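Numbering follows numbering that gives the first Met the number 0, in which position 131 of the sequence shown is assigned residue number 130; successive positions increment by one, without gaps.
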Amino acid sequence: MSLALARKYRPATFDDLIGQEAVAQTLSLALDSDRLSHAYLFSGLRGSGKTSTARIFAKALLCEKGTTSHPCGICSHCVMATESRHMDIIEMDAASNRKIDDIRELIEHTKYKPSTARYKIFIIDEVHMLTKEAFNALLKTLEEPPDFVKFILATTDPLKLPATILSRTQHFRFRKIPQSVIAKHLAHILNLEGVEYEQNALDIIARSGAGSVRDSLTLLDQAIVYSKNFIDLSTVTNMLGIIEPSMLAKLLEDIMAKDEAKVLDFIRSASEFEAEMVIDELMLYLKEVLLSGSHVIKPMIIERFFRVLAESKSLLNMGADGEFVLSLTLFKMMESLQIKEIDAMIRSLEKELSGVEVKKVAPVREVLPVQVPIEKTVEQNVEAIQEEELVQDMEPVVEPQIEVPKEVVVSEPIVEAPLDEGAKLFNVLITKMYDRNYDLGECFKHSIAYVSFENNLLTWESSASDKEKVLLRNNWSMIRMFVQDIFGFETKIKNISKELPSQVETKRVEEPSSMIEDEVLNQPIEEFHTPPIDDNEIPMKSSCIAPEAGDTEAAKEKDERTILDEPMVAKAIELFAPEKVRIKRKV
């Protein structure tokens, strides 16, 4: 009677197992050294040899020669075990006998000694299909069975087993069998069967088996019948309904050449195949190209192709039209070839710039009065300046360039004397005023000139007009705060009034030159002794700081009846719009 190849060539000894050398070696050493456990668990992919290994192990335990890794195969126990009719080897399919009653019956069998052999062996296949109650009933027996009982459990999904079962067994993991090993095994069987073949056809069968020997042998059985005892590439591809590798190679060549006409021809010719199958075969072919090391297609291009193919798989899962998705995928693969690599772009840019010479041309400018630029750095001893303000304040003032006729001969550059520390800080002060109030900064810049800064004494020269005096007077508290922040908290200010032109000279005598005067910040004026000044320098006066200022307008006491008519009070009323204003005399 004819048997399927998977049953006809089932392994009979540990030496016949393929792709599971570690498991075979461990079990063989355990048999030879008589270090046996009471329960074993075999897990792995379908068709990887779990049930065959369990039967070989059971036969090795019952051989009349004793527990050995090489059973004789001729004794009565070996013959009955090989023919699957031994009374003391009980195989149970847990998928169909999964209830607690089935496990109770099995436990009842463990109470009786083996009829003829030295052990009673229970092989439970697909053990993960048992119910929770069946697992609980099996726990105690599995943990402490009688000495003559051995359990061999087999499963394709060990994660579904309770941890209590896993802890009571020795776990052997059967790995996926490599494609090359399966192809070699198929060739060996075909030689025994006397069937001619092409190696490429066997490779496709082994790849379609996906690591399962049983699946590969089933496909081989089908191929022998379909090909009439000659297995070639076209026969196998037609039988499996897959596209030939030569067509895929030609397709990739057309894609690399960006030949749209030939790609369209392929789409029309591939209409008989499923789009998902073509995409899967393209992925597998790209994998073979990458691992072959031929460098026909660069790895970067393969990675782009793979991304496109992965996206097309998601489109197919959404239920899109297969032929349209395949067409879109192939054209996207051609489009991905137009993306330039970063290294190529850098090299092209360097090549373009290699012949360009950049010449530094000194600008021709007329010698103008030097305006003190704002320095970009301030000494670290000025601790009160915030870092954010420094970044904004230290931008240099850009002077407008004046075009000079070509005939003008520019004189040699004038060497400017370096600014002292006080001048640098004074420039920072002007910049901060510009940031806070542009009009105030403009007024301060044109009416106040830096003189010196020594021993915490800041000296400046004032040439403010009447309008500028009002602006400076109204913002004096802010100016004083900036001076404290920049020059230091103990800084004192000395003002030197500058003579105005003759038309405003009389006004200068009638009114004080400015509210900015000699004072000690945070100290009474009596504690500060100013050095003597020239006769033409008149100190600034006010009612609050210089009471000796005679009959000046600022020194006069204000009348409460006319206080609301004062400009500053009227401006405040206009700004805040109070419902009621109360005037109170200060005693």
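Every residue gets a Cβ at the ideal spot worked out from N, C-alpha and C, and that includes glycine. What you are looking at is a predicted structure, and each value in this text was computed from that prediction instead of being measured.
Apart from the five residues on each side of it in sequence, which residues of its chain come closer than 6 Å, Cβ to Cβ, to Glu386?
-> Because the pLDDT of Glu386 is 45, which lies under 50, any placement of that residue in the model is unreliable, and the question is left without a value.
Could you tell me how far apart the beta carbons of Asp87 and Thr115 are, in whole angstroms, since I believe they sit closer than 8 Å?
-> So it is a contact: roughly 7 Å between Cβ atoms.
Run through DSSP, which three-state label would Asp124 get?
-> If DSSP states are grouped into helix, strand and coil, Asp124 belongs with the strands.
Determine the closest residue to Ile99 out of Leu137, Gly46, Tyr111 and Phe575, with distance taken between C-alpha atoms.
-> Comparing Cα positions, the closest option is Leu137.
Those residues which DSSP pairs with Asp202 across a bridge = Answer is none; Asp202 lacks a bridge partner.
Taking only the alpha-carbon atoms, compute the straight-line gap between Lys175 and Ser47 and give it to the nearest angstrom.
-> So the alpha carbons of these two residues sit roughly 7 Å apart.
Are the segment 149–166 and the segment 121–132 touching by the rule of at least three beta carbon pairs closer than 8 Å?
-> These segments touch.
Check whether Asp101 and Ala133 have beta carbons under 8 Å apart | Yes.
Mind listing, in chain order, the continuous alpha helix (DSSP H) runs of no fewer than 4 residues lying wholly within the segment 459–503?
-> Counting only runs of 4 or more, we get 465–473 and 475–486.
Secondary structure at Ala209, three-state DSSP: helix, strand or coil?
-> Here Ala209 carries a coil assignment [DSSP, helix/strand/coil].
Thinking C-beta only, is Val324 closer than 8 Å to Leu315?
-> Yes. Within cutoff.
Separation of Ala21 from Ala57, as counted between CA atoms = So the alpha carbons of these two residues sit roughly 18 Å apart.
Please go through the segment 11–48 and give each complete alpha helix (DSSP H) segment of 4 or more residues, from N-terminal end onward.
-> Within the segment 11–48, the complete alpha helix (DSSP H) runs of at least 4 residues are 20–31.
Expressed to the nearest angstrom, what Euclidean distance is found between the alpha-carbon atoms of Gly240 and Phe272?
-> Near 7 Å, if we compare the C-alpha coordinates of Phe272 and Gly240.
Please name the residue in Gly210, Thr67, Ser347 and Ala5 whose C-alpha comes closest to that of Gln24.
-> Answer by Cα proximity: Thr67.
What separation, rounded to the nearest whole angstrom, lies between the Cα atoms of Tyr118 and Phe147?
-> Cα to Cα, Tyr118 sits roughly 5 Å from Phe147.
Option nearest Ala53 by Cα separation, candidates Ser27, Ser464, Ser32 and Cys71 | Checked all of Ser27, Ser464, Ser32 and Cys71; the closest Cα to Ala53 is Ser27.
Under three-state DSSP, which class holds Ala448?
-> Strand.
Can you list, in chain order, the residues of its chain whose CB lies under 6 Å from that of Ser51, leaving out five sequence neighbours each side?
-> Around Ser51, the same chain offers Arg9 and Pro10 as residues with beta carbons nearer than 6 Å, after the five sequence neighbours per side are excluded.
To the nearest whole angstrom, what separates the beta carbons of Val288 and Ile296, a pair I think is in contact under 8 Å?
-> At roughly 6 Å, the Cβ-Cβ gap stays under 8 Å, so Val288 and Ile296 are in contact.
Pull up the CB-CB distance for Asn228 and Val180, whole angstroms please, since I reckon it's below 8 Å.
-> Between Asn228 and Val180 a beta carbon distance of about 24 Å is seen, past the 8 Å cut, so the two are scored as non-contacting.
Euclidean distance between Cα positions of Ile429 and Gly440 | Each residue's Cα considered, the two are about 6 Å apart.
How about the segment 255–269 and the segment 217–235: do they share at least three Cβ pairs that are nearer than 8 Å?
-> Result no; under three Cβ-Cβ pairs closer than 8 Å.
Residue closest to Ala94, alpha-carbon to alpha-carbon, out of Phe13, Leu141 and Leu129 = Its Cα nearest to that of Ala94, the residue Leu129 stands out among Phe13, Leu141 and Leu129.
Inter-residue spacing [alpha-carbon to alpha-carbon] between Arg84 and His76 | Arg84 and His76: Cα-Cα distance of roughly 10 Å.
Give a yes or no on whether the minimum CB-CB distance between Leu327 and chain D is below 8 Å.
-> The chain labelled as chain D is not found in the depicted structure, where only one protein chain is given.
What residues in its chain sit with their C-beta under 8 Å from that of Val78, if we drop five residues either side in the sequence?
-> A distance below 8 Å between beta-carbons, with the five flanking residues on each side excluded, links Val78 to the following residues of its chain, in chain order: Gly72.
N-terminal and C-terminal residue of the beta strand (DSSP E) that Phe150 is part of = Where Phe150 is concerned, the enclosing beta strand (DSSP E) stretches over Val148 to Thr154.
Taking buried to mean at least 16 other C-beta atoms within 10 Å of its own C-beta, is Ala347 buried or exposed?
-> For the record, residue 347 in the displayed sequence is Ser; it is not Ala. Exposed, since its Cβ has fewer than 16 Cβ neighbours within 10 Å.
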